[in-house]
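Undergrad:
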Amino acid sequence: MIKWATIVCLVLLQALPAMAMESFPRKQRQQWCYECSLLCLGSVASLQLSIEPSVLPQTYRIVLQGKGSGLIGWLNGDRHQYYESLVQLNANNTVSTAFHLHHTEITHNSQRIQYGWKFTFNELPLGIKGERLWGGDVVETAQYYTADDVADSRQVVGDFLSALFGFMVDGSRALEVGLQYKFLVFYRGDNVALNIDVIDDCDQDGWQCRVRSDRSCLPGGGKEMIFYCDDNRVPLAVASPVLFGGVRISGARCVGE
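Under my numbering, the first residue of the sequence shown carries the number 26, and numbering increases by one thereafter.
1. Suppose the cutoff is 8 Å on Cβ atoms and the five residues either side in sequence are ignored; what does the same chain contact list for Leu209 look like?
2. Just to confirm before moving on: does the CB-CB distance between Gly102 and Ser68 stay below 7 Å?
3. Quick one: Cα of Gln334 to Cα of Val223, how far?
4. Please list, in chain order, all residues of the same chain as Pro205 whose beta carbon is under 8 Å from its beta carbon, the five residues on each side excluded.
5. Hey, is the stretch 75-89 in contact with the stretch 187-194, meaning 3+ C-beta pairs nearer than 8 Å?
6. Name the two residues that bound the continuous alpha helix (DSSP H) containing Ala218.
7. Over the uninterrupted alpha helix (DSSP H) stretch that includes Ala188, give me the two end residues.
8. Under 6 Å Cβ to Cβ from Pro260, same chain only, skipping five residues before and after it: list those, please.
9. Using the C-alpha atoms, what's the distance from Arg235 back to His128?
10. Please confirm whether Leu200 and Trp159 have their CB atoms less than 7 Å apart.
11. Whose CA, out of Trp142, Tyr108, Val194, Arg54, lies closest to the CA of Ile76?
12. How would you label Leu243, buried or exposed, when you count the other beta carbons within 10 angstroms and need 16 or more for buried?
13. Closest to Gly245 by CA distance: which of Tyr59, Leu89, Glu60 is it?
14. Sort Val202, Val80, Arg104, Ala70 by Cα distance to Asp225 and report the nearest one.
15. By the 10 Å Cβ neighbour count, where 16 or more other Cβ atoms means buried, how is Leu81 classified, buried or exposed?
16. Could you work out which residue in Ile131, Pro78, Ala167 is closest to Val112 when comparing CA atoms only?
17. How is Glu98 classed by DSSP in three states: helix, strand or coil?
18. Only counting the same chain, and skipping five residues up and downstream in sequence, which positions put a Cβ closer than 6 Å to that of Glu130?
19. Classify Glu60 as buried or exposed, calling it buried when 16 or more other Cβ atoms lie within 10 Å of its own Cβ.
20. Should Ser238 be labelled buried (16 or more other beta-carbon atoms within 10 Å of its own) or exposed?
21. Quick check on the burial criterion: 16 or more other C-beta atoms within 10 angstroms. Buried or exposed for Thr166?
22. Could you tell me the alpha carbon to alpha carbon distance between Thr171 and Asp230, rounded to whole angstroms?
23. Could you name the residues that DSSP lists as bridge partners for Pro260?
24. What did DSSP end up calling Pro244 once you bin it into helix, strand or coil?
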(Lines of atoms letter the chains of each structure in order from A; the text may use other names.)
(Lines give C-alpha, C1' and ligand atoms only; values in the text may rest on other atoms or scores of the structure.)
Protein backbone atom coordinates (compact mmCIF):
# COMPACT_ATOMS: atom_id res chain seq x y z
CA MET A 26 0.00 0.00 0.00
CA ILE A 27 1.27 3.46 -0.90
CA LYS A 28 1.50 5.65 2.18
CA TRP A 29 0.11 9.17 1.87
CA ALA A 30 2.83 10.59 4.14
CA THR A 31 5.36 9.52 1.50
CA ILE A 32 3.32 11.19 -1.23
CA VAL A 33 3.40 14.50 0.67
CA CYS A 34 7.18 14.48 0.57
CA LEU A 35 7.85 13.14 -2.92
CA VAL A 36 5.09 14.19 -5.34
CA LEU A 37 5.41 16.38 -8.42
CA LEU A 38 8.18 15.09 -10.66
CA GLN A 39 7.69 17.49 -13.57
CA ALA A 40 8.31 21.23 -13.27
CA LEU A 41 5.16 23.34 -13.29
CA PRO A 42 4.60 26.68 -15.09
CA ALA A 43 6.42 29.59 -13.46
CA MET A 44 4.44 31.57 -10.87
CA ALA A 45 5.35 35.20 -10.31
CA MET A 46 5.94 36.34 -6.74
CA GLU A 47 7.16 39.72 -5.57
CA SER A 48 9.80 40.01 -2.88
CA PHE A 49 8.77 39.75 0.76
CA PRO A 50 7.31 41.14 2.88
CA ARG A 51 3.84 40.82 1.39
CA LYS A 52 0.61 42.04 2.94
CA GLN A 53 -1.73 39.50 1.38
CA ARG A 54 -2.08 35.74 1.49
CA GLN A 55 -0.26 33.71 -1.15
CA GLN A 56 -1.16 30.17 -2.11
CA TRP A 57 0.16 27.57 -4.50
CA CYS A 58 -1.84 24.46 -5.37
CA TYR A 59 -0.72 21.18 -6.86
CA GLU A 60 -2.72 18.27 -8.22
CA CYS A 61 -0.97 14.93 -8.19
CA SER A 62 -1.68 11.98 -10.47
CA LEU A 63 -0.33 8.43 -10.60
CA LEU A 64 -0.40 6.76 -14.00
CA CYS A 65 -3.78 5.15 -14.77
CA LEU A 66 -5.12 5.82 -11.27
CA GLY A 67 -5.68 9.48 -12.10
CA SER A 68 -5.65 12.00 -9.27
CA VAL A 69 -4.25 10.57 -6.03
CA ALA A 70 -3.63 13.71 -3.95
CA SER A 71 -3.85 17.48 -3.82
CA LEU A 72 -1.38 19.76 -2.05
CA GLN A 73 -1.53 23.37 -0.94
CA LEU A 74 1.29 25.61 0.24
CA SER A 75 0.23 28.98 1.64
CA ILE A 76 1.97 31.93 3.29
CA GLU A 77 0.04 34.75 4.91
CA PRO A 78 0.95 37.64 7.23
CA SER A 79 -0.09 37.45 10.88
CA VAL A 80 -1.44 40.31 12.97
CA LEU A 81 2.03 40.92 14.41
CA PRO A 82 4.54 42.88 12.29
CA GLN A 83 6.87 40.76 10.14
CA THR A 84 5.20 37.56 11.30
CA TYR A 85 3.96 34.94 8.85
CA ARG A 86 1.90 31.77 8.96
CA ILE A 87 3.05 28.98 6.65
CA VAL A 88 0.81 26.00 5.95
CA LEU A 89 1.50 22.87 3.93
CA GLN A 90 -1.39 20.44 3.70
CA GLY A 91 -2.33 17.52 1.54
CA LYS A 92 -5.26 15.20 1.10
CA GLY A 93 -5.47 11.87 -0.68
CA SER A 94 -8.15 11.25 -3.29
CA GLY A 95 -9.51 8.43 -5.41
CA LEU A 96 -8.46 4.84 -4.75
CA ILE A 97 -5.19 5.79 -3.06
CA GLY A 98 -7.01 8.16 -0.72
CA TRP A 99 -9.57 5.50 0.17
CA LEU A 100 -6.90 2.84 0.82
CA ASN A 101 -5.18 5.25 3.22
CA GLY A 102 -8.30 6.19 5.18
CA ASP A 103 -8.89 9.51 3.38
CA ARG A 104 -5.79 10.83 5.11
CA HIS A 105 -5.32 14.57 5.56
CA GLN A 106 -1.80 15.68 6.45
CA TYR A 107 -1.34 19.18 7.91
CA TYR A 108 1.80 21.19 8.78
CA GLU A 109 1.76 24.76 10.10
CA SER A 110 4.47 27.13 11.33
CA LEU A 111 4.33 30.68 12.68
CA VAL A 112 7.57 32.52 11.99
CA GLN A 113 9.01 35.99 12.43
CA LEU A 114 11.17 37.64 9.77
CA ASN A 115 13.95 39.45 11.61
CA ALA A 116 15.75 42.66 10.64
CA ASN A 117 18.86 40.73 9.57
CA ASN A 118 16.73 38.58 7.22
CA THR A 119 16.90 35.54 9.51
CA VAL A 120 13.81 33.59 10.60
CA SER A 121 12.63 32.74 14.13
CA THR A 122 9.97 30.09 14.74
CA ALA A 123 7.19 30.79 17.26
CA PHE A 124 5.47 27.41 16.95
CA HIS A 125 5.13 24.41 14.68
CA LEU A 126 2.08 22.16 14.44
CA HIS A 127 1.64 18.95 12.54
CA HIS A 128 -1.29 16.58 12.66
CA THR A 129 -2.88 13.75 10.75
CA GLU A 130 -6.57 13.12 10.26
CA ILE A 131 -7.60 9.65 9.12
CA THR A 132 -10.55 7.26 9.08
CA HIS A 133 -9.86 4.18 11.19
CA ASN A 134 -12.42 1.49 12.05
CA SER A 135 -15.16 3.71 10.58
CA GLN A 136 -14.21 6.58 12.90
CA ARG A 137 -12.48 9.83 12.05
CA ILE A 138 -9.45 10.36 14.31
CA GLN A 139 -6.91 13.17 14.57
CA TYR A 140 -3.48 13.08 16.19
CA GLY A 141 -0.25 15.08 16.11
CA TRP A 142 2.13 17.41 17.97
CA LYS A 143 2.51 21.12 18.59
CA PHE A 144 5.88 22.63 19.53
CA THR A 145 6.19 26.13 20.99
CA PHE A 146 9.61 27.74 20.81
CA ASN A 147 10.30 30.27 23.55
CA GLU A 148 13.87 31.38 22.98
CA LEU A 149 15.71 29.17 20.55
CA PRO A 150 17.83 27.19 20.89
CA LEU A 151 16.64 26.71 24.50
CA GLY A 152 13.20 26.07 25.93
CA ILE A 153 10.77 24.14 23.71
CA LYS A 154 7.35 22.98 24.87
CA GLY A 155 5.84 19.93 23.19
CA GLU A 156 2.16 19.01 23.31
CA ARG A 157 0.88 15.70 21.98
CA LEU A 158 -2.59 16.06 20.51
CA TRP A 159 -5.37 13.52 20.18
CA GLY A 160 -8.77 14.46 18.86
CA GLY A 161 -7.94 18.14 19.28
CA ASP A 162 -7.07 17.75 22.97
CA VAL A 163 -3.66 17.89 24.64
CA VAL A 164 -2.99 14.45 26.13
CA GLU A 165 0.71 14.82 26.96
CA THR A 166 3.18 17.67 27.49
CA ALA A 167 6.97 17.67 27.41
CA GLN A 168 9.73 20.22 27.87
CA TYR A 169 12.87 20.08 25.76
CA TYR A 170 16.20 21.82 26.24
CA THR A 171 18.60 21.66 23.33
CA ALA A 172 22.30 22.47 23.22
CA ASP A 173 23.07 26.18 23.10
CA ASP A 174 26.21 25.87 20.97
CA VAL A 175 25.48 26.50 17.29
CA ALA A 176 28.44 25.71 15.10
CA ASP A 177 29.12 25.99 11.38
CA SER A 178 27.20 29.29 11.01
CA ARG A 179 23.87 27.50 10.98
CA GLN A 180 20.60 29.37 11.40
CA VAL A 181 18.46 27.86 14.15
CA VAL A 182 14.79 27.46 13.19
CA GLY A 183 12.01 25.27 14.48
CA ASP A 184 11.21 23.00 11.56
CA PHE A 185 11.52 22.31 7.83
CA LEU A 186 8.76 24.82 6.88
CA SER A 187 10.63 27.60 8.69
CA ALA A 188 13.81 26.62 6.82
CA LEU A 189 11.96 26.68 3.48
CA PHE A 190 10.54 30.11 4.34
CA GLY A 191 14.05 31.32 5.24
CA PHE A 192 15.24 30.23 1.80
CA MET A 193 12.30 31.83 0.01
CA VAL A 194 12.57 35.27 1.64
CA ASP A 195 16.33 35.76 1.49
CA GLY A 196 17.01 38.52 -1.03
CA SER A 197 20.60 39.14 0.06
CA ARG A 198 22.09 36.55 -2.30
CA ALA A 199 21.25 35.83 -5.93
CA LEU A 200 20.50 32.24 -6.88
CA GLU A 201 23.48 30.46 -8.35
CA VAL A 202 24.76 26.91 -8.53
CA GLY A 203 26.66 26.13 -5.35
CA LEU A 204 24.65 28.43 -3.08
CA GLN A 205 24.00 26.75 0.25
CA TYR A 206 21.78 27.45 3.26
CA LYS A 207 22.57 25.76 6.58
CA PHE A 208 19.88 25.33 9.23
CA LEU A 209 19.34 23.57 12.51
CA VAL A 210 15.78 22.29 12.96
CA PHE A 211 14.18 20.73 16.03
CA TYR A 212 13.41 17.03 15.63
CA ARG A 213 12.59 14.52 18.35
CA GLY A 214 14.20 16.43 21.18
CA ASP A 215 17.36 17.56 19.45
CA ASN A 216 18.78 20.03 16.93
CA VAL A 217 19.25 18.42 13.52
CA ALA A 218 21.27 19.80 10.60
CA LEU A 219 19.31 20.58 7.43
CA ASN A 220 20.90 22.00 4.27
CA ILE A 221 19.30 23.56 1.19
CA ASP A 222 21.69 23.57 -1.80
CA VAL A 223 21.22 25.02 -5.28
CA ILE A 224 22.67 22.25 -7.42
CA ASP A 225 21.71 23.08 -11.04
CA ASP A 226 20.17 25.68 -13.34
CA CYS A 227 17.65 23.76 -15.42
CA ASP A 228 16.61 26.73 -17.59
CA GLN A 229 12.93 26.13 -18.38
CA ASP A 230 12.41 23.89 -15.35
CA GLY A 231 13.93 26.45 -12.96
CA TRP A 232 16.63 26.12 -10.34
CA GLN A 233 17.18 22.61 -9.02
CA CYS A 234 17.63 22.56 -5.24
CA ARG A 235 18.28 19.76 -2.79
CA VAL A 236 17.05 19.57 0.80
CA ARG A 237 19.10 17.13 2.85
CA SER A 238 19.34 16.11 6.49
CA ASP A 239 21.01 13.27 8.37
CA ARG A 240 17.74 12.62 10.21
CA SER A 241 14.26 11.83 8.88
CA CYS A 242 12.82 15.28 9.60
CA LEU A 243 11.10 15.91 6.25
CA PRO A 244 7.41 15.16 5.59
CA GLY A 245 6.83 11.45 5.32
CA GLY A 246 10.01 10.67 7.26
CA GLY A 247 12.36 11.49 4.40
CA LYS A 248 15.97 12.66 4.65
CA GLU A 249 16.33 14.18 1.18
CA MET A 250 14.25 15.63 -1.61
CA ILE A 251 14.75 17.69 -4.76
CA PHE A 252 12.66 20.73 -5.59
CA TYR A 253 12.63 23.24 -8.43
CA CYS A 254 12.07 26.97 -7.94
CA ASP A 255 11.87 30.05 -10.14
CA ASP A 256 14.03 33.17 -9.85
CA ASN A 257 11.74 34.42 -7.06
CA ARG A 258 12.41 31.20 -5.10
CA VAL A 259 8.85 29.93 -5.43
CA PRO A 260 8.81 26.09 -5.33
CA LEU A 261 7.47 24.88 -8.66
CA ALA A 262 7.85 21.14 -8.21
CA VAL A 263 9.20 18.48 -5.88
CA ALA A 264 10.86 15.34 -7.19
CA SER A 265 12.18 11.91 -6.40
CA PRO A 266 14.11 10.00 -9.10
CA VAL A 267 12.34 6.65 -8.64
CA LEU A 268 9.28 5.86 -6.56
CA PHE A 269 7.63 2.57 -5.68
CA GLY A 270 9.78 0.35 -7.89
CA GLY A 271 9.85 2.70 -10.86
CA VAL A 272 6.36 4.18 -10.69
CA ARG A 273 6.55 7.94 -11.08
CA ILE A 274 4.20 10.60 -9.72
CA SER A 275 3.74 13.84 -11.63
CA GLY A 276 1.73 16.94 -10.91
CA ALA A 277 0.05 19.91 -12.51
CA ARG A 278 -0.83 23.29 -11.05
CA CYS A 279 -4.38 23.54 -9.74
CA VAL A 280 -6.76 25.31 -12.09
CA GLY A 281 -8.37 28.52 -10.85
CA GLU A 282 -5.73 29.48 -8.25
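Note that the Cβ used here is the ideal one computed from N, Cα and C, for glycine as well.
The structure displayed is predicted, hence computed values, not measured ones.
TA: In this structure, then:
1. Stepping through the sequence shown from its first residue, residue 209 is reached at position 184. Exclusion of the five residues before and after Leu209 leaves Pro150, Val175, Arg179, Gln180, Val181, Val182, Asn216, Val217, Ala218, Leu219 as the residues of its chain whose Cβ lies within less than 8 Å of its Cβ.
2. Taking the first residue of the sequence shown as position 1, residue 102 is located at position 77. Taking the first residue of the sequence shown as position 1, residue 68 is located at position 43. No Cβ-Cβ contact shorter than 7 Å links Gly102 with Ser68.
3. In the structure as shown, the chain begins at 26 and stops at 282. Residue 334 is therefore absent and cannot be evaluated.
4. In the sequence shown, counting from the first residue as 1, residue 205 sits at position 180. The displayed chain sequence assigns Gln, not Pro, to residue 205. Sequence-distant partners of Gln205 (beyond 5 residues in either direction) whose C-beta falls short of 8 Å from its own C-beta, in its chain, are Asn220, Ile221, Asp222, Val223.
5. Taking 8 Å as the limit for Cβ pairs, the verdict is that the stretch 187-194 does touch the stretch 75-89.
6. Here residue 218 is taken as the residue at index 193 of the sequence shown, counted from 1. Here Ala218 belongs to no alpha helix (DSSP H); instead the beta strand (DSSP E) covers 215-226.
7. Here residue 188 refers to the residue found at position 163 when the sequence shown is read from its first residue. Taken as a continuous stretch (DSSP letters only), the alpha helix (DSSP H) holding Ala188 covers 185-194.
8. Mapped onto the sequence shown, residue 260 falls at position 235. Answer for Pro260: Phe252, Cys254, listed in chain order.
9. The count along the sequence shown starts at 1 and reaches residue 128 at position 103. The count along the sequence shown starts at 1 and reaches residue 235 at position 210. Distance from the CA atom of His128 to the CA atom of Arg235, rounded to whole angstroms, is 25 Å.
10. As a first step, residue 200 is located in the sequence shown; it is residue number 175 there, counting from the start. As a first step, residue 159 is located in the sequence shown; it is residue number 134 there, counting from the start. At least 7 Å separates the beta-carbon of Leu200 from that of Trp159.
11. By one-based count along the sequence shown, residue 76 stands at place 51. In terms of Cα proximity to Ile76, the closest of Trp142, Tyr108, Val194, Arg54 is Arg54.
12. Locating residue 243 in the sequence shown gives position 218, counting from the first residue. Taking every protein chain shown into account, the CB of Leu243 has 16 or more other CB atoms within 10 angstroms, so this residue is buried.
13. Locating residue 245 in the sequence shown gives position 220, counting from the first residue. Nearest in C-alpha terms to Gly245, of all of Tyr59, Leu89, Glu60, is Leu89.
14. One-based indexing of the sequence shown puts residue 225 at position 200. The residue with the shortest Cα to Cα distance from Asp225 is Val202.
15. As a working note, residue 81 is residue 56 in the sequence shown. Per the 10 Å Cβ criterion, exposed.
16. The residue given as residue 112 occupies position 87 in the sequence shown. Closest option to Val112, Cα to Cα, is Pro78.
17. Position 73 of the sequence shown holds residue 98. It is worth fixing the name first, because residue 98 is Gly in this sequence and not Glu. In the three-state scheme derived from DSSP, where H, G and I count as helix and E and B as strand, Gly98 is classed as helix.
18. Here residue 130 is taken as the residue at index 105 of the sequence shown, counted from 1. Apart from the 5 residues on each side of it in sequence, Glu130 sits with its Cβ closer than 6 Å to the Cβ of His105, Gln139 in its chain, given in chain order.
19. Locating residue 60 in the sequence shown gives position 35, where the first residue counts as 1. Burial state of Glu60 is buried, judged by a 10 Å Cβ sphere holding 16 or more other Cβ atoms.
20. As a position in the sequence shown, residue 238 is number 213, starting the count at 1. A residue is called buried when at least 16 other Cβ atoms come within 10 angstroms of its Cβ; Ser238 meets this threshold and is buried.
21. Within the sequence shown, residue 166 is the residue found at index 141, counting from 1. Classification for Thr166: exposed.
22. On the sequence shown, residue 171 is found 146 positions in, with the first residue counted as 1. On the sequence shown, residue 230 is found 205 positions in, with the first residue counted as 1. Rounded to the nearest angstrom, the two C-alpha atoms are 39 Å apart.
23. As a first step, residue 260 is located in the sequence shown; it is residue number 235 there, counting from the start. Paired residues: Cys254.
24. If you number the sequence shown from 1, residue 244 lands on position 219. Of the three classes helix, strand and coil, the one that applies to Pro244 here is helix, per DSSP.
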